[in-house]
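Just so we're aligned: 297 in full-length UniProt numbering is position 297 of the sequence shown, and the numbers increase by one with no gaps anywhere.
For every residue, glycine included, the Cβ atom is placed at its ideal position computed from N, Cα and C.
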Amino acid sequence: MKKYIIYILILISGLVLGYLFFGTGDVKDGKEETEVADEHDHEGETTQMWTCSMHPQIMQPEPGDCPICGMELIPADANADGLSVDEFKMTNNAMALANIQTITVGDAGAAENTLSLSGKIQVNEEANAVQVAYFAGRIERLNVSFTGENVNRGQLLATIYSPQLVAAQQELLTAAKMKESQPALYNAVRNKLKLWKLSDAQINSIEEAGQVKENFPVFATVSGTVTEKMVQEGDYVEQGQPMFKLANLNSVWAVFDAYENQISGLEEGQKIIVTTNAYPDKELEAIISFIDPVLNTASRTLRLRAVLDNENENLKPGMFVKAKLERNAGQEQESTLSIPKTAVMWTGERSLVYVKTSRDKPVFEMREIELGATLADTYEVLSGLEGGEEIVANGTFTVDAAAQLQGKKSMMNQGKKKEDSAEMQMNLPDSFQKDFTGVLSAYLDLKDAFVNTNVEETKTAASKMLQQTEILKISNLGTMETQHLKKIRSMLEAISVNDNIENQRDHFIVLSENIIAFASNMETFEKPVYIQHCPMVNNNKGADWLSLSEEIRNPYFGEVMMNCGDTQRKL
Numbered sequence: 001m002k003k004y005i006i007y008i009l010i011l012i013s014g015l016v017l018g019y020l021f022f023g024t025g026d027v028k029d030g031k032e033e034t035e036v037a038d039e040h041d042h043e044g045e046t047t048q049m050w051t052c053s054m055h056p057q058i059m060q061p062e063p064g065d066c067p068i069c070g071m072e073l074i075p076a077d078a079n080a081d082g083l084s085v086d087e088f089k090m091t092n093n094a095m096a097l098a099n100i101q102t103i104t105v106g107d108a109g110a111a112e113n114t115l116s117l118s119g120k121i122q123v124n125e126e127a128n129a130v131q132v133a134y135f136a137g138r139i140e141r142l143n144v145s146f147t148g149e150n151v152n153r154g155q156l157l158a159t160i161y162s163p164q165l166v167a168a169q170q171e172l173l174t175a176a177k178m179k180e181s182q183p184a185l186y187n188a189v190r191n192k193l194k195l196w197k198l199s200d201a202q203i204n205s206i207e208e209a210g211q212v213k214e215n216f217p218v219f220a221t222v223s224g225t226v227t228e229k230m231v232q233e234g235d236y237v238e239q240g241q242p243m244f245k246l247a248n249l250n251s252v253w254a255v256f257d258a259y260e261n262q263i264s265g266l267e268e269g270q271k272i273i274v275t276t277n278a279y280p281d282k283e284l285e286a287i288i289s290f291i292d293p294v295l296n297t298a299s300r301t302l303r304l305r306a307v308l309d310n311e312n313e314n315l316k317p318g319m320f321v322k323a324k325l326e327r328n329a330g331q332e333q334e335s336t337l338s339i340p341k342t343a344v345m346w347t348g349e350r351s352l353v354y355v356k357t358s359r360d361k362p363v364f365e366m367r368e369i370e371l372g373a374t375l376a377d378t379y380e381v382l383s384g385l386e387g388g389e390e391i392v393a394n395g396t397f398t399v400d401a402a403a404q405l406q407g408k409k410s411m412m413n414q415g416k417k418k419e420d421s422a423e424m425q426m427n428l429p430d431s432f433q434k435d436f437t438g439v440l441s442a443y444l445d446l447k448d449a450f451v452n453t454n455v456e457e458t459k460t461a462a463s464k465m466l467q468q469t470e471i472l473k474i475s476n477l478g479t480m481e482t483q484h485l486k487k488i489r490s491m492l493e494a495i496s497v498n499d500n501i502e503n504q505r506d507h508f509i510v511l512s513e514n515i516i517a518f519a520s521n522m523e524t525f526e527k528p529v530y531i532q533h534c535p536m537v538n539n540n541k542g543a544d545w546l547s548l549s550e551e552i553r554n555p556y557f558g559e560v561m562m563n564c565g566d567t568q569r570k571l
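Now the structure itself:
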C-alpha cells in the first residue's frame, strides 16, 4: 500500500513541476500566437472601395452594379499616390467607352532646321476649262448626268434644239443653190455656222441631205473630269452660257498655309517633301511654284503651293497633306505649335485643354493656354503647351465632366477658387431666351423632385427637361454656350437613368451650375428667380440651385436638412 502511495506522490510532484516549468510558457506562447495572428489579420485588412469605369464619382465599399448605368463595379485604386492636387485619373475602360483620344503636340523629335506645314489638295486651276453653249437653244438631251464623270475631247455632251441654227441651215440650203453665181454669200453662210462650232463635215452633211436638222450635238472641246454641272435637261441656254466645268486631274495643287513668323524661310523654287494622310508611307518631292504676295490679315497666314503629278489620280482634291522643308542654313525660325479645335474648350475668357500627364496611365490635368491664329481646323498655340506634350483631342467634354464631378479643375471649376457661374458672360439670342424658359420651368420641377427625395420623380422630371433642351435652336449659339448646353444634356441623361438619389444629386450639382450660367444671362423672367446656396453640400465644398421662392428648401438634403442654405442673389 505504501508503495502505491509513493508512486502517486511522485506522479503528482511531476505534474506540479511540469506545470511550473512548461505550463506558464505554453500560456504565454499561446497568447503571443494569438496576438501575432491578430496582428496578421489586422495587417491584411484593407478598405477596398469599388467604382464604375464610366462614372468615377461612384464609390461603394462592396462590389455590385453601378447605380447610374448598371455596369459591374470594378476595384478602385487604393490611393492616389503620385498625383498632384489638380490631377485626376480615369480608367482605361472609361477611356475606351467614351472614345477619348489623345495626340502629341508638335513633333518633339523633328530636326531644328525642318519646317512642317499643313494644307490640302486642290484642283490645278491652270488645267481648268469651261464648256459653254456656242448657240442658244433648249437642251433636249444631256449625256453627262453627274459630277466626277470623265470626259474626253470630242465626246458628245448634249443635244440642243436651236431656232437660230434652224434658220441658218435654211440660209445654207438656199445659198448652196446659188453658190456658183454668189460664192461670197455661200462662203459667208458657211463661216457663220463655223462660228457656232459646226465642223466642215457637219455642214457638208446638211448640204448633201438637203434637209434641216432640228437638234444639234455639243461636243467636248477638252478632256477632263466634270467638277460642276451647271445645266439640267430641258433648260434654255444662251449663246456663251457655261454648261460644265472640267478639270484635268493629271496634275493637282498642294496648297499650304504658313504663319507670319514662318514666311522668312520660304521662297519659290524651294524643295519640299509632301505626304498625305491617305498614303502616309509615300513621300512626294515637289517644288514651291507660287507664294501668295498678300497676307491673310484674319488668320495671319500666307498661302503657298506646289504642283504634284497625279497621273494615277490617287491625289483627290480636298485631301489633307503635310509638307516638310529644310530651312535655310543659319536662319533662326520660331517654332509654331498647332492643335485641333476639338481639343479646346472656351469659357469666353479662358481657353482650356486637358493634358495627359502620365505616359503610361490615364492621368489628366486641365491647362489654360493662349491661342493665336485660326487655321482651317486648328488653332495656333502661343503659350501654355510645349512640343511633345500629349493632350485630349477627342472626348474633351467627357474628360471635363469627370474632372468636375471629382472636384478637380474644370471648365466651371478652377480648383481651389470656384468660378462664379452667375458672372459668366454669354451671348444668348432673343429666340433662344424665349425657348429656354421652358427648360428653366422643367429644371424647377426637377429641383422640387429632389426636395421631395423621390427617385422616380427625379428620373421623370430629368427626362422631360432633356426633351425641352433638345428643341432648343443652337445654330446661333457660340462655342462656349454650346459646350455648356452639351454638359446640361449629359447630366440630365445620367439623372434620368439613375436609381440612387445621392448619385442623382451629384449630377444635379453640375447641372445647376450650368443652368445658372444661362439663367444669369437672360434679360427678363416672368417671375423672380433666386440663386440659393448650401455650404455643406459636396463634402463642404458647397453647391447652388435656382428657386422661385426665397424660402430655402434644400434639394441636396431634402428632409434631412430642409432649411440648410441661404439666398445669394435675385435674378
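Output needed for residue i: all residues of its chain with C-beta closer than 8 angstroms, excluding positions within five of it in sequence on either side, in chain order.
i: asparagine 248; result: Asn124, Ala127, Asn128, Ala129, Val222, Ser223, Gly224 and Thr225
i: glutamate 370; result: Ser351, Val381, Leu382, Ser383 and Gly384
i: threonine 378; result: Ser118, Ser338, Ile339, Pro340 and Lys341
i: glutamate 62; result: Trp50
Would you mind reading off the limits of the beta strand (DSSP E) that contains residue i?
i: valine 392; result: 390-394
i: lysine 245; result: 242-247
i: serine 490; result: Run containing serine 490: none in the beta strand (DSSP E); it sits in the alpha helix (DSSP H), 479-496.
i: arginine 569; result: 566-570
i: glutamine 504; result: Premise fails: glutamine 504 lies in the alpha helix (DSSP H), 501-519, not in any beta strand (DSSP E).
i: glutamate 228; result: 224-229
i: aspartate 544; result: 543-547
i: glutamine 131; result: 128-132
i: glutamine 101; result: 101-104
Note down, in chain order, each residue of its chain lying with its Cβ closer than 7 angstroms to the Cβ of residue i, except the 5 sequence neighbours on either side.
i: tryptophan 545; result: Lys447, Ser512, Gln532 and Pro555
i: valine 529; result: Ala519, Leu546, Leu548 and Leu571
i: alanine 258; result: Leu117, Leu266, Thr301, Leu302 and Leu304
i: methionine 562; result: Arg553 and Asn554
i: glutamate 214; result: Tyr161 and Val166
i: residue 627; result: Because residue 627 is not part of the residues shown, which for the chain are 1 to 571, the question remains open.
i: glutamine 239; result: Ala133, Tyr134, Phe135 and Ala136
i: alanine 111; result: With a pLDDT of 41 at alanine 111, under the threshold of 50, the modelled position of that residue is not reliable, and no figure is offered here.
i: threonine 398; result: Ala98 and Ile100
With residue i as the anchor, note down where its alpha helix (DSSP H) starts and where it stops.
i: tyrosine 186; result: 183-195
i: residue 572; result: Here the chain covers residues 1 to 571 and nothing more, so residue 572 does not appear.
i: glycine 438; result: 430-451
i: alanine 96; result: 92-97
i: leucine 466; result: 455-470
Taking the alpha-carbon positions, what's the residue i to residue j distance?
i: glutamine 155; j: aspartate 235; result: 20 angstroms
i: glutamate 233; j: tyrosine 161; result: 12 angstroms
i: leucine 165; j: tryptophan 196; result: 9 angstroms
i: threonine 342; j: alanine 254; result: 25 angstroms
i: alanine 461; j: histidine 507; result: 14 angstroms
i: valine 132; j: methionine 426; result: 51 angstroms
i: lysine 527; j: tyrosine 443; result: 15 angstroms
i: serine 264; j: asparagine 314; result: 32 angstroms
i: glutamine 468; j: glutamate 493; result: 13 angstroms
i: lysine 416; j: glutamate 365; result: Caution applies to lysine 416, whose pLDDT of 41 falls short of 50 and renders its modelled position unreliable; the value that the coordinates give is listed next. Each residue's alpha carbon lies about 14 angstroms from the other.
i: asparagine 503; j: glutamine 60; result: 11 angstroms
i: asparagine 92; j: threonine 357; result: 15 angstroms
i: alanine 449; j: glycine 388; result: 49 angstroms
i: glutamine 122; j: leucine 308; result: 10 angstroms
i: leucine 440; j: leucine 428; result: 14 angstroms
Leaving out the 5 sequence neighbours to the left and right, which residues in its chain are closer than 6 angstroms to residue i when beta-carbon positions are compared?
i: glutamate 559; result: none
i: threonine 276; result: Met319 and Val321
i: lysine 487; result: Asn514
On a Cα-Cα basis, can you pick out the residue from the options that is closest to residue i?
i: arginine 359; options: Pro63, Leu73, Pro61 and Lys89; result: Lys89
i: arginine 489; options: Met465, Asp65 and Leu315; result: Met465
i: phenylalanine 244; options: Gln122, Ala176 and Val151; result: Val151
i: phenylalanine 146; options: Gln202, Gln467, Ala98 and Leu246; result: Leu246
i: asparagine 143; options: Val218, Tyr354, Ser199 and Ala258; result: Val218
i: phenylalanine 436; options: Met366, Ala133, Lys487 and Phe525; result: Phe525
i: leucine 472; options: Thr275, Met491, Leu485 and Val237; result: Leu485
i: isoleucine 474; options: Asp430, Asn500, Val353 and Ala461; result: Asp430
i: valine 294; options: Gly269, Glu260 and Met95; result: Glu260
i: glutamate 228; options: Glu238, Ala220, Pro242 and Val237; result: Pro242
i: arginine 191; options: Val497, Leu172, Leu477 and Pro362; result: Checking the sequence, you will find asparagine at residue 191 rather than arginine. That would be Leu172, whose Cα lies nearest to the Cα of asparagine 191.
i: lysine 271; options: Met178, Gln568 and Phe290; result: Phe290
i: leucine 198; options: Lys179, Ala168, Ala393 and Glu180; result: Ala168
i: glutamine 568; options: Asn538, Cys534 and Phe557; result: Cys534
i: alanine 393; options: Glu368, Tyr354 and Ile516; result: Tyr354
i: phenylalanine 256; options: Glu368, Asp281, Leu115 and Val231; result: Leu115
When the cut-off is 8 angstroms and only beta carbons count, does residue i lie next to chain C?
i: proline 528; result: Chain labels in this structure do not include chain C; a single protein chain is all it has.
Problem - Length-filtered (3 minimum) beta strand (DSSP E) runs lying within the UniProt domain "CusB-like beta-barrel" (251-327) - result: Taking only runs of at least 3 residues, the beta strand (DSSP E) segments lying wholly in the UniProt domain "CusB-like beta-barrel" (251-327) are 251-259, 271-276, 284-291, 301-309 and 320-326.
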